[in-house]
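Worksheet: the structure to be examined is printed underneath.
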Amino acid sequence: MGNPAPEMKFKVGDKIRKALTEEQARTLLNKAKEYDWEWYPHCTIALYTGMGNGELFALISMIRVK
Numbered sequence: 010m011g012n013p014a015p016e017m018k019f020k021v022g023d024k025i026r027k028a029l030t031e032e033q034a035r036t037l038l039n040k041a042k043e044y045d046w047e048w049y050p051h052c053t054i055a056l057y058t059g060m061g062n063g064e065l066f067a068l069i070s071m072i073r074v075k
């Protein structure tokens, strides 16, 4: 049985998202903290873990339940 990878086709381009540079991420977190933005913890977790919105909201809801 051969390797199936050569048979696979990948769609590239429209779903690739650009990430923030380290400087942009630092600026975002500094400003969010400076303005006491309610989403500061969410942004921090997302930037450091790479979690998406669904994962973040699931985590937050699990924390709130306890």
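Reminder that position 18 of the sequence shown reads as 27 in this note's numbering, one-by-one numbering, no gaps. We put the CB at the ideal spot given by N, CA and C, even for glycine.
Notebook entry, point to check: What is the DSSP secondary structure of Tyr44, reduced to helix, strand or coil?
Noted result: Coil.
Notebook entry, point to check: Start and end of the alpha helix (DSSP H) containing Thr58?
Noted result: Counting along the chain, the alpha helix (DSSP H) containing Thr58 begins and ends at 49 to 58.
Check: Alpha carbon to alpha carbon, how far is Trp46 from Thr30?
Finding: Near 21 Å, if we compare the C-alpha coordinates of Thr30 and Trp46.
Next item on the list: Leaving aside the five residues before and after Gly59 along the sequence, list all residues of the same chain whose C-beta is less than 8 Å from its C-beta, in chain order.
Entry: Here Gly59 has no same chain residue with a Cβ atom under 8 Å from its own Cβ, once five neighbours each way along the sequence are excluded.
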